[in-house]
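Q: The structure is given below, and queries will be raised subsequently.
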Amino acid sequence: MAVVKSAHADESSLQIVESFNKNGDETKNPNDPSDKRKREIMFYMGIPLLVMLITTAALGIAVGVYGKKLFLAHMVIASLSLCLAVAHAIVGIVWFFPF
Numbered sequence: 002m003a004v005v006k007s008a009h010a011d012e013s014s015l016q017i018v019e020s021f022n023k024n025g026d027e028t029k030n031p032n033d034p035s036d037k038r039k040r041e042i043m044f045y046m047g048i049p050l051l052v053m054l055i056t057t058a059a060l061g062i063a064v065g066v067y068g069k070k071l072f073l074a075h076m077v078i079a080s081l082s083l084c085l086a087v088a089h090a091i092v093g094i095v096w097f098f099p100f
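For the sequence shown, my numbering begins at 2 and goes up steadily by one.
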């Protein structure tokens, strides 16, 4: 059994695809001020995240290698790092992942 498409169906499909491409071009402006602000917010979230990750590593080394009594501080900073990392990932996916 052969399926034959009509010319009208091909034209309407082409129009739909063209409208998606046209809308996509309008929304992808690299000089958009709101996009710049979003990148700044992500950067400002990333700075404390890196600081907390380095602090967590330093406290972990102090506890593991040198036997310091800093395990509770290590776990608190690690928990805060995890929370900020999850928030950073969610915000990045919501703002910048192309749906």
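For each residue, glycine too, the CB sits at the ideal point set by N, CA and C. Treat the numbers as computed from the prediction; the structure is a model and nothing was measured.
#1: Quick check on this structure: which residue in PHE97, MET53, PRO99 has the alpha carbon closest to the alpha carbon of LEU83?
#2: Whose CA, out of GLY68, LYS37, SER80, lies closest to the CA of LEU50?
#3: Can you give the Cα-Cα distance for VAL87 and GLY47, rounded to whole angstroms?
#4: In three-state terms, what does DSSP make of PHE97?
#5: For PHE97, which of VAL18, SER20, LYS37, SER13 has the nearest alpha-carbon?
A: Once the coordinates are examined:
#1: The shortest C-alpha separation from LEU83 is found at MET53.
#2: Looking at the Cα atoms, SER80 is the closest of the given residues.
#3: Rounded to whole angstroms, VAL87 to GLY47 spans 11 Å at the Cα level.
#4: In the structure shown, PHE97 sits in a helix (DSSP, three-state: H, G or I).
#5: Of VAL18, SER20, LYS37, SER13, the residue nearest in Cα terms is LYS37.
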